[in-house]
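Input: a single structure, listed below in structure tokens.
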Amino acid sequence: MSAAPEEVDSSPYCCCSAATFQEILERQRAKPLPFMELLMVHAGCGSGCGSCIDDLEAYLRSHDAYIED
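So, in structure tokens, the structure goes:
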């Protein structure tokens, strides 16, 4: 009997945090934060390039995980 195939995470990638958007979404679901705080805690954008902010916001909104500041 073969093991069930692992789900492949094909979500976009946050260069600043070395995490996929799916990983950030999972963290947000576990510990919901307002978006700007989420960026500082889970995406590292307080000191990173910030290039993923708009895409990450859209991703979280599409998964009902966006919290206004």
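Residue numbering for the sequence shown follows the numbering used here, starting at 0 and increasing by one per position. We put the beta carbon where it would ideally sit given N, CA and C, even for glycine.
Residue i vs residue j beta-carbon contact at 9 Å
i	j	result
C51	F20	yes
A42	L24	no
P33	D68	yes
Of the listed residues the options, nearest to residue i (C-alpha basis)
i	options	result
I66	S9, R26, A42 and M35	M35
DSSP three-state assignment for residue i, whether helix, strand or coil
i	result
Y65	coil
D8	coil
L55	helix
L32	coil
Residues bridged to residue i (per DSSP)
i	result
A18	C13
Buried or exposed by the 16-neighbour rule on C-beta atoms within 10 Å, applied to residue i
i	result
S16	buried
A29	exposed
A57	exposed
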